[in-house]
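What follows is a single structure, written as structure tokens, with notes after it.
Residue numbers (the working numbering): 293 to 540.
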């Protein structure tokens, strides 16, 4: 059996006032029941106050959320700017590396040219020693030294210095910042390797620069002795073997 709520409401609306008129003694009882069922004005105001307080809390929360979103967006913008700065720095680093690569490439080309010039110069010096030894039989070391120094300077524009260190004569070719120790002798004996090693160490200790190369320039040296020097890391410039003979 279904209940018609509207009909029940209509009956209550009509019957309750009639019942109170017919039985006035029940008015307070019914009023008390209604007070129990429905909140008082004070309670209603309190509830509204609580609701308003909660709504204020919601407003504050909404404000905080908006502020958080703005702060988050601001921080992301800062992060983006920092990434852009990092990208720019990487680009600058790449550009610097490219500049370094270009400089290294130019330096390599310069070193190649220098090596070529030195090689050609020493070849010319080699030929000149051949001519000097074969035509005039030069054995005077002072004349030979001056001749070779002149050839070194004129062959490839190197700076040639003569120094005396602890009583030892040193002839130095300085080219592109490298110190090349040149030992000039009309002829050499069996202790030439020991002499070259000692002079290289002495120069490094006194000057503070280790010679990049040690070159022996001589008009007379046995082929086996020259080979031993080359195997020990020294360079030897000498006349062709047929110019000297094998009696040294």
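In this text, a Cβ means the ideal position worked out from N, Cα and C, and glycines have one as well.
Only residues of its own chain outside the window of five on either side were considered, and among them 322 have a CB closer than 8 Å to the CB of residue 308, listed in chain order. Taking a cut-off of 8 Å for Cβ pairs, the segment 465-474 and the segment 498-507 touch, as three or more such pairs fall below it.
The beta carbon of residue 456 lies closer than 8 Å to those of 462 in the same chain, with the five residues before and after it left out.
Per DSSP, reduced to three states, the secondary structure at residue 345 is helical.
Residue range 484-499 is occupied by the alpha helix (DSSP H) that includes residue 491. Counting only runs of at least 4 residues, the segment 296-321 fully encloses the following alpha helix (DSSP H) elements, listed from N- to C-terminal order: 297-314.
By the Cβ-count criterion, residue 512 is buried, with 16 or more other Cβ atoms from all chains shown falling within 10 Å of its own Cβ.
Residue 378 sits in a helix when the DSSP states are folded into three classes. In the three-state reduction of the DSSP assignment, residue 510 falls in the strand class, which pools E and B. Here residue 494 really is in contact with residue 458; their C-beta atoms are around 6 Å apart, less than 8 Å.
Only exposed fits residue 446, as fewer than 16 other CB atoms lie within 10 angstroms of its CB. DSSP, read as helix, strand or coil, puts residue 337 in helix.
Within 10 angstroms of the beta-carbon of residue 300 lie fewer than 16 other beta-carbons, which makes it exposed. Here residue 350 is exposed. Its C-beta has fewer than 16 other C-beta atoms within 10 Å. Assignment of residue 480 by DSSP, reduced to helix, strand and coil, places it in the coil class.
In its chain, beyond the 5 residues on either side, 520, 521, 524 have a beta carbon closer than 7 Å to the beta carbon of residue 485.
Around the Cβ of residue 303, a 10 Å sphere holds fewer than 16 other Cβ atoms; the residue is exposed. Residue 517 and residue 497 have their C-alpha atoms some 27 Å from each other.
The beta-bridge partner set that DSSP reports for residue 462 consists of 455.
With a 10 Å radius around the Cβ and a threshold of 16 neighbouring Cβ atoms, residue 355 comes out exposed.
Contact annotation, residue 406 with residue 468: C-beta distance approximately 5 Å; criterion of less than 8 Å satisfied.
The alpha-carbon separation between residue 348 and residue 338 amounts to approximately 15 Å. Taken atom to atom, the span from the alpha-carbon of residue 357 to that of residue 380 is near 34 Å. Counting every other CB atom within 10 Å of its CB across the protein chains shown gives residue 442 a total below 16, marking it as exposed.
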